[in-house]
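Residue numbering for the sequence shown follows the numbering used here, beginning at 191 and increasing consecutively.
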Amino acid sequence: MEHQFSVFPRDKAELYPLLREQLAALTDGIPHRIANLANASALLNEALEDINWVGFYLMEGGRLVLGPFQGKTACIEIPVGKGVCGAAVERDEIMLVKDVHEFPGHIACDCASNSEIVVPLHKGGEVAAVLDIDSPTLGRFTEADRDGLAAIGLILERLL
191 MEHQFSVFPR DKAELYPLLR EQLAALTDGI PHRIANLANA SALLNEALED
241 INWVGFYLME GGRLVLGPFQ GKTACIEIPV GKGVCGAAVE RDEIMLVKDV
291 HEFPGHIACD CASNSEIVVP LHKGGEVAAV LDIDSPTLGR FTEADRDGLA
341 AIGLILERLL
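Pasting the structure below:
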């Protein structure tokens, strides 16, 4: 099955609704979690400007374990409470970090990353995974990204 997507708009008010629609179309009726998350990371990587890593960490045995992603090789395990991803799980909230070098306990998987956003994803009321996106640009992520990715997260939660 071949999917063809248009060029993505730069305006975030147009971009995120389009991404929700395309993510739903890509994953609707597909029962394969890893394949769906892989396609989700590929879609986000293609659509979002000025990022250098996008992917998932999945909760396994009380730790975050690397899942499907696009970008350079990454940390394999992250303890809950450590780094931006671990903090997102511990606090159960979206972490929007304008400068990762100022974040206490930041884990530098890629030294080129300067800002980050992490969205907790839930299954059965518990955090089951996180969507993690990095950028080489300080302050890359905004409240519009937080809102747009929170809505994307609702679709992603159905895939877990």
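The beta-carbon is built from N, C-alpha and C at its ideal position, and this holds for glycine as well. Keep in mind the model is a prediction, meaning the values are calculated, not measured.
Point to revise | Residue range of the unbroken beta strand (DSSP E) whose run includes residue 313 | key: Against the sequence shown, residue 313 aligns to sequence position 123. That run of the beta strand (DSSP E) goes 305-313.
Practice item. Compare the beta carbon distance of residue 259 and residue 270 with 8 Å and say whether it is the shorter of the two. Key: Reading the sequence shown from its first residue, position 69 is the one you call residue 259. Reading the sequence shown from its first residue, position 80 is the one you call residue 270. Their beta carbons are not under 8 Å apart, which means residue 259 does not touch residue 270 by this criterion.
Review point. Looking at C-alpha atoms only, which residue of 277, 267, 331 is the closest neighbour of residue 296?
Key: Position 106 of the sequence shown, counting from 1, holds the residue named residue 296. When only C-alpha atoms are compared, the closest one is 277.
Practice item. Using only alpha-carbon positions, find the residue among 324, 333, 339, 345 that is nearest to residue 241. Key: Here the question's residue 241 lines up with position 51 in the sequence shown. Nearest of 324, 333, 339, 345 to residue 241, Cα basis: 324.
Practice item. Could you tell me the boundaries of the beta strand (DSSP E) in which residue 258 lies? Key: Position 68 of the sequence shown holds residue 258. Unbroken beta strand (DSSP E) run through residue 258: 253-261.
Check your understanding: Thinking just about the alpha-carbon of each residue, which of 235, 228, 233 is nearest to the one in residue 247?
Key -> In the sequence shown, the residue the question calls residue 247 occupies position 57. Ranking the options by Cα distance to residue 247, first place goes to 228.
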